[in-house]
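For the sequence shown, the working numbering assigns the number 261 to the initial residue and increments by one for each residue that follows.
What follows is a short report on a single structure.
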Amino acid sequence: MKHDADNRPLTSTDKPVPRAPEDGIAAAQRRISGLSGKLLLLTVLFVMLAEVFIYVPSIANYRNTWLTDRLTTAGVAASVLSETNTIAPRLQEELLRTTGALAIALVEGERRSLIAMSSLPEDVTMVIDMRGQSAMSAISGSVAVLLKPGDGLMRVIGAGPMSGGRGIEQVDIVLPIRLLRQDMLAFSGRILALSLFISGLTAALVYVSLRALFVRPLQRLTRAMQDFSENPEDSARLFQTSARADEIGDAERRFAEMQETLARTLHQKQRLADLGLAVSKINHDLRNLLASAQLFIERLENVPDPTVRRLAPKILSTLDRAVTYTQAVMAYGKAQEAAPNRRLVRLARVAADVGELLALADHPMIDYDVAIDPALEIDADPEQIFRVLLNLVRNAMQALEAVPDEALVCRIHVSAQREGRTVVIRVADTGPGVPASVKATLFRAFQSAARSGGTGLGLAIAAELTRAHGGSVRLEEAGAGATFRIDWPDRPV
Ligand SMILES: Nc1ncnc2c1ncn2[C@@H]1O[C@H](COP(=O)(O)OP(=O)(O)OP(=O)(O)O)[C@@H](O)[C@H]1O
Ligand SMILES: [Mg+2]
261 MKHDADNRPL
271 TSTDKPVPRA
281 PEDGIAAAQR
291 RISGLSGKLL
301 LLTVLFVMLA
311 EVFIYVPSIA
321 NYRNTWLTDR
331 LTTAGVAASV
341 LSETNTIAPR
351 LQEELLRTTG
361 ALAIALVEGE
371 RRSLIAMSSL
381 PEDVTMVIDM
391 RGQSAMSAIS
401 GSVAVLLKPG
411 DGLMRVIGAG
421 PMSGGRGIEQ
431 VDIVLPIRLL
441 RQDMLAFSGR
451 ILALSLFISG
461 LTAALVYVSL
471 RALFVRPLQR
481 LTRAMQDFSE
491 NPEDSARLFQ
501 TSARADEIGD
511 AERRFAEMQE
521 TLARTLHQKQ
531 RLADLGLAVS
541 KINHDLRNLL
551 ASAQLFIERL
561 ENVPDPTVRR
571 LAPKILSTLD
581 RAVTYTQAVM
591 AYGKAQEAAP
601 NRRLVRLARV
611 AADVGELLAL
621 ADHPMIDYDV
631 AIDPALEIDA
641 DPEQIFRVLL
651 NLVRNAMQAL
661 EAVPDEALVC
671 RIHVSAQREG
681 RTVVIRVADT
691 GPGVPASVKA
701 TLFRAFQSAA
711 RSGGTGLGLA
721 IAAELTRAHG
731 GSVRLEEAGA
741 GATFRIDWPD
751 RPV
């Protein structure tokens, strides 16, 4: 089998697609704006920043060394030469040329002797005393040299050289600032070039290693997600984890697990959906068959045979129930409940309507008792809250009608009150209560019909509609009979 770059088996739908030129441009743009491009820029920036911190002390140090060198050379040479006390003009010139100084003076005790001078240093704009230099003064001195405009002279004072046994205490030289500035600028240029080289190199290394360590695995993961979302059922597209033990490896494993679970769930769901389709088709035909059977039986009712006359209505009502059942199943299969269209509804009115629909007002046995404040307003889809109450009240009515006995109290009590942003509604009856066998699956469709003729859909629908409003329905363990409690919150603000 052929494999692509990521060692993923190539499937028939995986044909390598020729890349459009725009793809290449987008990829290049992505490289710059992507994770590695950003890191490249940041690395250059940070290394340059670090270089600034290195540059400031080193330029100060460079200046100190430069000045000390000049002082030492001038001091030593001058002290050696002055021992003869007569310095030839040729030697004076030579000394000034090598040190770059305009004048050199030595201080010995009280005596101050000017050793060499080419022209009179009248324009001294800066005095630097090297004897009491601190780090800060060296730095500020460097900045001053670099930024000071013009071509003034500077006088540099240093301690005398410790040689020759003579007591030279101080060396004074006068130099053009320009000389120092030129050398410092050249030094700065070298540092800048070096910094650029270091940051470029570091950034390139960071870029390459990041691409290999993070960006490529992330791209692989993203591509796998895309592949999977395009066709989640294709098991050939399941992600192959690498053996990495780090966070990216974790993400890969989690993703692979999730893919597997999702693929499995999807598979199950698909089978259930197919099954549901088959059921609804069978159901449809079944309903038609039952309807024709109903027609035949109706004709049988007119046959004079007493057995037929006795049995026909029973068969008819059984068929009736079967048709109702198939219709309910089909309705549930089709029903995609609409999203609730919430309004403010008078709950007492809805409860009264439910009683009216079930003809409970003049029911021979059942006492329908609505204890809801007429002013109580509920934030609900009027149609849906009506269906919820209808299902609960109808269940209670059916439970009460199941065992007709004059002596039994038959009452349905509907009450409601607002608790903060939630309306709590209770539908209680004095019937036999919910059979223990159905309690566990009470709100699941088709799973709880203990009553003969029931489809087991009423409570499932009531629960679904309530959930769509953010609420819940549950059975309360409260005394005789059954009590259902609905928590119905207002719409979220
Ligand atoms: N008030 C109640 N008292 C006693 N049993 C109840 C009560 N309400 C529900 N039940 C039990 O729970 C089962 C499920 O009720 P549900 O309303 O979901 O379905 P159904 O009434 O059987 O059918 P359908 O409502 O779809 O016609 C009922 O068959 C019944 O056994
Ligand atoms: Mg019901």
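Backbone N, C-alpha and C define an ideal beta-carbon position, used for all residues, glycine too.
Fair warning: this is a prediction, and the values are worked out from it, not measured in the lab.
Could you check what DSSP says for residue i in three-state terms: helix, strand or coil?
i, result
"residue 393", "coil"
"residue 625", "coil"
"residue 557", "helix"
"residue 263", "Any reading at residue 263 must be qualified, since the residue scores a pLDDT of 43, below 50, and its modelled position is unreliable; no value is offered."
"residue 495", "helix"
"residue 647", "helix"
"residue 466", "helix"
"residue 632", "coil"
"residue 694", "coil"
"residue 705", "coil"
"residue 478", "helix"
"residue 436", "strand"
"residue 271", "Any reading at residue 271 needs caution, since the residue's pLDDT is 40, under 50, leaving its predicted position unreliable; the model's value is listed next. Looking at residue 271 - three-state DSSP - the assignment turns out to be coil, as it is neither helix nor strand."
"residue 327", "helix"
"residue 387", "strand"
"residue 300", "helix"
"residue 665", "coil"
Kindly give me the distance between the Cβ atoms of residue i and residue j, rounded to whole angstroms, as I take these residues to be in contact under 8 Å.
i, j, result
"residue 656", "residue 720", "So it is not a contact: roughly 17 Å between Cβ atoms."
"residue 362", "residue 413", "7 Å"
"residue 474", "residue 717", "Rounded, the Cβ-Cβ distance is 53 Å, inconsistent with contact."
"residue 627", "residue 681", "The pair is not a contact, with the Cβ atoms about 32 Å apart (cut-off 8 Å)."
"residue 303", "residue 463", "4 Å"
"residue 639", "residue 601", "Not confirmed; about 11 Å, so no contact."
"residue 323", "residue 440", "7 Å"
"residue 546", "residue 578", "Wrong, their Cβ atoms sit about 14 Å apart, outside the cutoff."
"residue 492", "residue 522", "6 Å"
Between the alpha carbons of residue i and residue j, how many angstroms are there, rounded?
i, j, result
"residue 519", "residue 511", "12 Å"
"residue 354", "residue 417", "21 Å"
"residue 498", "residue 513", "12 Å"
"residue 436", "residue 375", "18 Å"
"residue 438", "residue 450", "18 Å"
"residue 658", "residue 737", "19 Å"
"residue 584", "residue 650", "17 Å"
"residue 757", "residue 487", "Missing from the structure shown is residue 757; the chain here goes from 261 to 753 and no further."
"residue 359", "residue 468", "50 Å"
"residue 696", "residue 480", "54 Å"
"residue 567", "residue 561", "10 Å"
"residue 711", "residue 661", "11 Å"
"residue 460", "residue 313", "18 Å"
"residue 509", "residue 527", "27 Å"
"residue 753", "residue 305", "47 Å"
"residue 529", "residue 726", "24 Å"
"residue 470", "residue 515", "21 Å"
"residue 744", "residue 483", "50 Å"
"residue 334", "residue 385", "21 Å"
"residue 702", "residue 708", "5 Å"
"residue 614", "residue 494", "50 Å"
"residue 754", "residue 540", "Lying outside 261 to 753, the shown extent of the chain, residue 754 is not represented and no answer is given."
"residue 391", "residue 351", "28 Å"
"residue 746", "residue 684", "6 Å"
"residue 321", "residue 407", "17 Å"
"residue 635", "residue 735", "26 Å"
"residue 690", "residue 676", "18 Å"
"residue 648", "residue 532", "27 Å"
"residue 263", "residue 489", "Its pLDDT being 43, under 50, residue 263 is placed unreliably by the model, and nothing is read from it."
"residue 337", "residue 415", "18 Å"
"residue 254", "residue 700", "Within the shown structure, residues of the chain are numbered from 261 to 753, placing residue 254 beyond reach of any answer."
"residue 653", "residue 687", "7 Å"
"residue 297", "residue 472", "13 Å"
"residue 293", "residue 457", "23 Å"
"residue 400", "residue 506", "49 Å"
"residue 394", "residue 403", "14 Å"
Taking the DSSP output, what are the residues bridged to residue i?
i, result
"residue 749", "682"
"residue 374", "365"
"residue 430", "367 and 419"
"residue 736", "743"
"residue 443", "Per DSSP, none; premise fails for residue 443."
"residue 674", "630 and 687"
"residue 638", "605"
"residue 413", "384 and 436"
query = In chain order, what are the residues with a CB under 6 Å from some non-hydrogen atom of ligand 2?
reply = 651, 654, 655, 714 and 718
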